[in-house]
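Here is the structure we will look at.
Protein chains in written order, with the numbering used here: chain V, 812 to 952; chain G, 10 to 403.
So, in structure tokens, the structure goes:
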């Protein structure tokens, strides 16, 4: 029982730590012809204000699933919107035929797999999940 | 017979586009489905005073409900079909095609659409029925009062980045046939626009957007059955004028192929913590009894976590038309001039409305809203409307 409680406490501490400290990395395909993007570049892509990378290639942004910690952090830091504001923003565009929100692609692993396989995609994952299959172009501390 | 035609036209268009869409449903399966709903109700403070916002009872009624479904699918490369179907409690949940259009992505940033489109009259026109997208239960009624929100035609829409600014531009051409209940008696009168065209543009950066729009059309509204003293109806009055050599004044009374214009300017601000919006509109239909409408609102709000509190001041300051113009003033003509002026004055709205409301984001995609409208109408008296709505997108 004591062990169980200790384990629980440790898990709790860890999860709190991960929410507060987890760095989120914005990732693209390794073959992308650029090594970094500005915060504004990333925001414009995920808010539908721009449809291509600054270098000119078509960009397809993908989101993590609603409720994912990385998604909430990304929306707050980059799009400056909480989950509800983000939803309201896109509902202004969806019901006009003027825009389609980034597709919800799943968790860190799913987003990484998609981006690693598609030179046009841009996504974001927890920094701890980054490996050589993708290139980091922006970091949210 | 006329009525039948209007209805048939609406359904055939919706059906045609729906049929277009049936193809990709069975083939590609790349179909986007989104929906929105609003369930709400309200009550007034004094049922002996004017009705406002669709409410006229002191008992709470849950009768402001709306369900909308939007389906879009790829028909061919760069061509998509979109249908938005709505069912409203005020129309006994009869399903109507709000929009039904084909869209061709001409370039990366511009598209051409054809079919039934939302007319870009206002800042919130595009998502008028999607309450979740804005702060109020519905946008200020003093400004959002035009009866035709859609147009059958074609449009061109493009976005561009000019220096540090984001801009959009939309131009359209078309017309619309509708029916309006002018007497409030459930009997519908025909109305239509032809050669309707307009431009709308926006300029924005990060947290602010400026908007301006201008529209013009040839307008017909069958006002002949509107009741009036002595002559029975406006149609009877117009006939009497014409048979007494006052054909010009009869024309200035009726809304029959009259040139109408509508102009709008707006500002929208959303910093995350603070929201604000303002719009001003002017409508004019030359040579008709319709007043020159001059209306506007200013709104400001603050977000506290999942709550948004907002305050809006709206105003209508219409100017009466002058159907009596050109009649020589004489003792014999005084009653006619008086009758014409009375008709013109009856069209004028002079009203101030203060709206205070809250929006609570219950979950992502669902908002609960409360609103109080304090109405001060110069001609019809005062009223308070209390309303509530649960609005969602999915």
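Yeah, the Cβ is synthetic: ideal placement off N, Cα and C, and Gly gets one too.
Given the structure is predicted, the values throughout are model-derived calculations rather than measurements.
| message | Do residue 848 of chain V and residue 948 of chain V have their beta-carbon atoms positioned less than 8 Å apart in this structure? | response | Yes; because the gap between Cβ atoms is below 8 Å, this pair is in contact.
| request: Pull out every residue of the region 902-918 of chain V whose Cβ sits closer than 8 Å to any Cβ of chain G, in chain order. | output: 902, 903, 905, 906, 907, 908, 909, 911
| query | For a contact meaning CB atoms closer than 9 Å, what does residue 891 of chain V contact in chain G? | reply | Per Cβ cutoff of 9 Å: 215, 216, 280, 281.
| query | Between residue 843 of chain V and residue 84 of chain G, what straight-line distance do the alpha-carbon atoms span, to the nearest angstrom? | reply | 31 Å
| query | In chain G, what lies closer than 7 Å to residue 899 of chain V by C-beta? | reply | 141, 142
| Separation of residue 141 of chain G from residue 50 of chain G, as counted between CA atoms | Rounded to the nearest whole angstrom, the CA to CA distance from residue 50 of chain G to residue 141 of chain G is 16 Å.
| From residue 108 of chain G to residue 128 of chain G, what distance separates their C-alpha atoms? | 10 Å
| field | Endpoints, the beta strand (DSSP E) within which residue 303 of chain G is located | value | Counting along the chain, the beta strand (DSSP E) containing residue 303 of chain G begins and ends at 302-313.
| request: Check whether the region 293-308 of chain G touches the region 318-334 of chain G, counting contact only when three or more Cβ pairs, one atom from each stretch, lie closer than 8 Å. | output: yes
| query | Less than 8 Å separating the beta-carbons of residue 874 of chain V and residue 836 of chain V? | reply | The beta carbons of residue 874 of chain V and residue 836 of chain V sit no closer together than 8 Å.
| query | If you draw a straight line from the C-alpha of residue 98 of chain G to the C-alpha of residue 74 of chain G, how long is it? | reply | So the alpha carbons of these two residues sit roughly 5 Å apart.
| query | How many angstroms separate the CA atom of residue 222 of chain G from the CA atom of residue 344 of chain G? | reply | 41 Å
| said: With a threshold of 8 Å between beta carbons, is residue 95 of chain G in contact with chain V? | reply: no
| task | May I ask which residues mark the beginning and end of the beta strand (DSSP E) holding residue 218 of chain G? | result | 217-230
| message | Less than 8 Å between C-beta atoms, sequence neighbours within five positions excluded: which residues of the same chain meet that for residue 912 of chain V? | response | 859, 874, 901, 904, 905
| query | Count the other CB atoms within 10 Å of the CB of residue 34 of chain G; is the residue buried (16 or more) or exposed (fewer)? | reply | At residue 34 of chain G, the pLDDT of 43 sits below 50, so the modelled position is not reliable; the number obtained from the coordinates is stated separately. Its Cβ having fewer than 16 others within 10 Å, residue 34 of chain G is exposed.
| residue 938 of chain V to residue 867 of chain V, Cα distance in whole Å? | 26 Å
| Contact list for the region 830-844 of chain V against chain G, Cβ threshold 8 Å | none
| field | Environment of residue 202 of chain G [buried if 16+ CB atoms lie within 10 Å] | value | Using a 10 angstroms sphere on the CB of residue 202 of chain G, the tally of other CB atoms reaches 16 or more, which defines it as buried.
| query | Apart from the five residues on each side of it in sequence, which residues of its chain come closer than 8 Å, Cβ to Cβ, to residue 281 of chain G? | reply | 216, 312
| From residue 15 of chain G to residue 148 of chain G, what distance separates their C-alpha atoms? | Residue placement at residue 15 of chain G cannot be trusted, given a pLDDT of 36 that sits under 50; what the coordinates show is reported in the next sentence. One C-alpha to the other measures close to 28 Å.
| task | Quick one: grab the DSSP three-state call for residue 923 of chain V. | result | In the structure shown, residue 923 of chain V sits in a helix (DSSP, three-state: H, G or I).
| message | Assess contact between the region 371-390 of chain G and the region 327-338 of chain G, defined as three or more Cβ pairs (one per stretch) separated by less than 8 Å. Is contact present? | response | no
| field | alpha helix (DSSP H) segment containing residue 895 of chain V, residue limits | value | 894-905
| Can a CB atom of chain V be found closer than 8 Å to the CB of residue 426 of chain G? | Beyond the ends of chain G as shown, which are 10 and 403, falls residue 426 of chain G; an answer cannot be given.
| task | With DSSP collapsed to three states, give me the class of residue 7 of chain G. | result | Nothing in the structure corresponds to residue 7 of chain G, since chain G is present only between 10 and 403.
| message | In the DSSP output, what is residue 836 of chain V paired with across the bridge? | response | V/936, V/950
| message | In the DSSP output, which residue or residues are listed as bridge partners for residue 848 of chain V? | response | Note: residue 848 of chain V is not bridge-paired with any residue in the DSSP secondary-structure output.
| task | Please say whether residue 264 of chain G and residue 290 of chain G have beta carbons closer to each other than 8 Å? | result | no
| Contacting residues, own chain, Cβ-Cβ under 6 Å from residue 304 of chain G (five flanking each side not counted) | 151, 152, 290, 325
| message | Along the region 858-889 of chain V, where does the CB come closer than 9 Å to a CB of chain G? Name the residues. | response | 860, 861, 862, 863, 869, 877, 878
| task | Using a Cβ cut-off of 8 Å, pull out every chain G residue sitting near residue 847 of chain V, in sequence order please. | result | Ordered by position in chain G, no residue passes the 8 Å Cβ test against residue 847 of chain V, which lies about 20 Å from the chain.
| Straight-line gap, residue 174 of chain G to residue 255 of chain G (C-alpha atoms, nearest Å) | 55 Å
| said: If you follow the alpha helix (DSSP H) that residue 885 of chain V is in, where does it begin and where does it stop? | reply: Boundaries of the alpha helix (DSSP H) around residue 885 of chain V: 880-885.
| query | Which residues bound the beta strand (DSSP E) around residue 378 of chain G? | reply | 375-386
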